[in-house]
Each structure stands twice: as C-alpha cells, then as structure tokens.
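Here the structure comes first, spelled out in structure tokens, and everything after it is commentary.
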C-alpha cells in the first residue's frame, strides 16, 4: 500500500508513506505499513517497535513489555529511592510518565524539540547474528585494560575512562570496576565508559531496520561500550547525536529522558559543569519519560535530550551514534545554549562534526 487511506495521496515508497502517517493528525490511528524489505514493521504507537512475533524470541514478547509499561510508576521510583538513596525521592514530584503512555502534550514537546520521542526496539535485531555474551565482552575488557599502551597512544575520545562518584578519576583502578560486577558496592560504585571492544564489531552491531519506522538513520559510527556494575548512576547529560543503546546479558537499567526544549536546555545550562544535575533539576524539567530496559530491548535516544540512567543489575551497555534529517534543530539548540563548551576538545570537535553531517543530510 502506497496510498494514504485518509487523504488519498500516493507516495513513491513505503518509507515516505510512513513518514506521512507520522504527522500529528494521523499518529493516534495506529496504522501499520509493511516494510519493503524482509520483516514487517509498525507505524503509530505500538508498545514495541518491531513487534511481529515471527521476528523476535519469546523473551521479548509484547506481553512482557506491556507488563513493564503497566508497572506502577510510583513503585519504580520507590525502588530507585531504596537502591540509590533517599535523595532520589525528589523524582516522585517530577511528573514522569512511561514512554508509551505519554499525553499528547508531552509528545508534542518531544516532536517539536528533537527528531522523535524515545522508543524501545527489539534488542536481537541489533546484531548480524547473535549478540556477544557477557563473558566475551569481559575478556575483551581485561585485554583492553591490560594493554600496555591503551592509555598512552589514544586520543581522549578513544580511551576508556573510569568514573567514580560522578566524575572521571584517572587514579581509580579499573580492575576494581570489574570486581564490582561480582561484589557491587553501593557506597563506592565506579564504572567504565568509552570501551572499544572488538566483539562489538565482530558480531556486527548495527541499527535495526525498525529504526526507520521512527527516523531514517545516516552515518552510523562511534561504537563503544560502558561497563556499569549494580548501583551505577549516570547523571543527567545531553547527547550531540541520535543514539542506539542495548544491554548485554542480565544487565537491567532504568532511563529517565527529557526533551531538549528551551526550558530544559536553559536548566541544563544553569548546572553545566556541576554534579548532582538530576537532583537539582528534577522538579524543573518538563516532558520526562521513564524506560526500563533488559537485553531484550534496544533504546533509541533522540539527539539533544537530557538523560540519566540507574543500573539495577550490573553488566555491559553497547552504544552507537547516528544522525537523521530531523536532528538539525536539536543539535543547533545544543550548540546555541553552549552546552558543547564543557566538553573536552576532541569531544567538542566531534559535536561540530555531527552538526556538519546533519546539515549535509538535511540539505542533500
């Protein structure tokens, strides 16, 4: 089908028809358009993008995801408070909602500010074959840490970093992070970011075609891995590119995401360079959504949004960056509010590279 069932307009392909049906006046009608390549994908507001039962394993069934989405939000926030500290009780007053239970007003905040709302996708579709096992990534990590020149012959953007108590700590022993996978310490949690592990490329980490039901991706790059033991908390930060993330093995996370509206970007600018951003801003930020992920899921993170993560069960998070024709305004706003100025020199150059790529895609 290439004709719109409502206005009758004919489109050259299914992708353009899907884009047409994502307009606000059609979004609530749950129209499904079959992709013109293997595998049926949906358009509209399904609980799960790519939820054709023939395309994924029973562990990622829609029943499981619906159970997650219907879980009482207040009980999830109480769990965060119990595991990560009473100070996170402030989240109960922050007007969060489940990602697939957003009001129309909250959806509009996202669609006007960035490329899309956040979405869950099928995690198994992110790999050419199977996903790497946690033990395979663990062995890669040991080799990465133990390589004599891993910290001396790389730029800061290709080095892994040890994060302890909210900031990079070069003196912290990375092997202690590995030990916390076995014996997590809620009072001295540390995690690794920016690991470049060969198994990720060897197993073919990629954007699933289901992403095209939301946005059309370009320039997939920057595969990296974070190692986050239980109790790891990554404070609010903003991304200068659209992102796809999936966890490996038994790892479980809670994500809080906020759209890059003018109000939110001004708030982020006011605490730039400071710690405890989420605790300072939770009552100010608008449009916040909560998403829980396991290895069954991949999460699409729109460019420019501010997000924080809580790790409920330790493990690996695999990340990829890309851009879209809809990302230009969000990247421009990120730069306009000078949020790039707190980045390291190399990271800031990468930010402007993404802006140039987005310009090329938008005006191509």
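Numbering (the numbering used here), first residue to last: -12 to 351. C-beta: ideal position from N, C-alpha, C; glycine also.
- Membership of residue 332 in the alpha helix (DSSP H) is indicated by the continuous run 332 to 350.
- Assignment of residue 285 by DSSP, reduced to helix, strand and coil, places it in the strand class.
- Ranked by how close their Cα comes to the Cα of residue 278, the residues 72, 68, 88 and 74 have 88 in first place.
- Secondary structure of residue 148 (DSSP, three-state): strand.
- When C-beta atoms of the region 216 to 232 are compared with those of the region 279 to 296, three or more pairs fall below 8 Å, so the two segments count as touching.
- In this structure, the beta-carbon distance from residue 205 to residue 113 does not fall below 8 Å.
- With 16 or more neighbouring CB atoms inside 10 Å of its own CB, residue 255 falls in the buried class.
- With contacts defined as CB atoms closer than 8 Å, residue 338 and residue 314 fail to qualify as a contacting pair.
- In the three-state reduction of the DSSP assignment, residue 202 falls in the coil class, being assigned neither a helical nor a strand state.
- Counting only runs of 4+ residues, the alpha helix (DSSP H) found wholly inside the region 307 to 334 occupies 315 to 323, in chain order.
- Rounded to whole angstroms, the gap between the alpha carbons of residue 275 and residue 90 is 11 Å.
- Distance from the CA of residue 171 to the CA of residue 328, rounded to the nearest whole angstrom, comes to 34 Å.
- Inclusion of residue 262 and residue 153 in the CB contact set at 8 Å is warranted, their separation being smaller than that value.
- For residue 240, the three-state secondary structure derived from DSSP is strand.
- In terms of CA proximity to residue 208, 188 leads the group 240, 198 and 188.
- For residue 164, the uninterrupted alpha helix (DSSP H) run begins and ends at 161 to 169, by DSSP.
- When the Cα atoms are used, residue 111 and residue 123 turn out to be separated by approximately 17 Å.
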